[in-house]
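S.K.:
Below, the structure written as structure tokens:
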């Protein structure tokens, strides 16, 4: 199983700051947009990062062993996370964190089984969450 690298990038739009997940150097917005386009879905890639201090909560991105919780990792490009969320299951598998079972709750007929999964080293994942501004490198 390939191990991915998680980064969190700040996207500044006027007074607003959104946190955008980056997987192996590529924005999750771009990754899911390419997937949705390849499937012919309407409104492909209409996502944005989560508003810092409002919708982005690193505690909700901590994995669970059973992975029953759905976590919003992207919100709508309008700025409201609940308007058009991309959700995933975040769980631990050994010493790794896995994002899988993506969904778009406003389009339950969409099949995201071909998108992801993403597997991160638990230590690197925790470090990324502890430094969402990306100040630390290494």
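Residue numbers (full-length UniProt numbering): 1 to 138. From the three backbone atoms N, C-alpha and C, an ideal C-beta is built for every residue, glycine too. Because the structure is a prediction, the values reported are computed rather than measured.
Excluding the 5 residues flanking residue 101 on each side, which residues of the same chain have their C-beta closer than 6 Å to its C-beta?
M.R.: For the purposes of this step, residue 101 is identified with residue 101 of the chain shown, where counting begins at 1. If we look at residue 101 and ignore the five residues flanking it on each side, its Cβ neighbours are 89.
S.K.: Helix, strand or coil, according to DSSP, for residue 38 in the structure here?
M.R.: As a first step, residue 38 must be located in the chain shown, where it is residue number 38. Looking at residue 38 - three-state DSSP - the assignment turns out to be helix.
S.K.: How would you write the range of the alpha helix (DSSP H) that residue 130 sits in, first residue to last?
M.R.: The sequence position of residue 130 within the chain shown is 130, counting from 1. Element bounds for residue 130: 122–130.
S.K.: The beta strand (DSSP E) that contains residue 101, what's its start and end?
M.R.: Here residue 101 refers to the residue found at position 101 of the chain shown. That run of the beta strand (DSSP E) goes 96–103.
S.K.: Which of the three DSSP states, helix, strand or coil, is assigned to residue 83?
M.R.: Translated into the one-based positions of the chain shown, residue 83 becomes position 83. If DSSP states are grouped into helix, strand and coil, residue 83 belongs with the helices.
S.K.: Counting only the same chain and skipping the five closest in sequence on each side, list residues whose C-beta sits under 6 Å from that of residue 56.
M.R.: Taking the first residue of the chain shown as 1, we reach residue 56 at position 56. Cβ within range, chain order: 19, 50.
S.K.: Reducing DSSP to helix, strand and coil, say where residue 21 ends up.
M.R.: Within the chain shown, residue 21 is the residue found at index 21, counting from 1. Note: residue 21 maps to strand in three-state DSSP.
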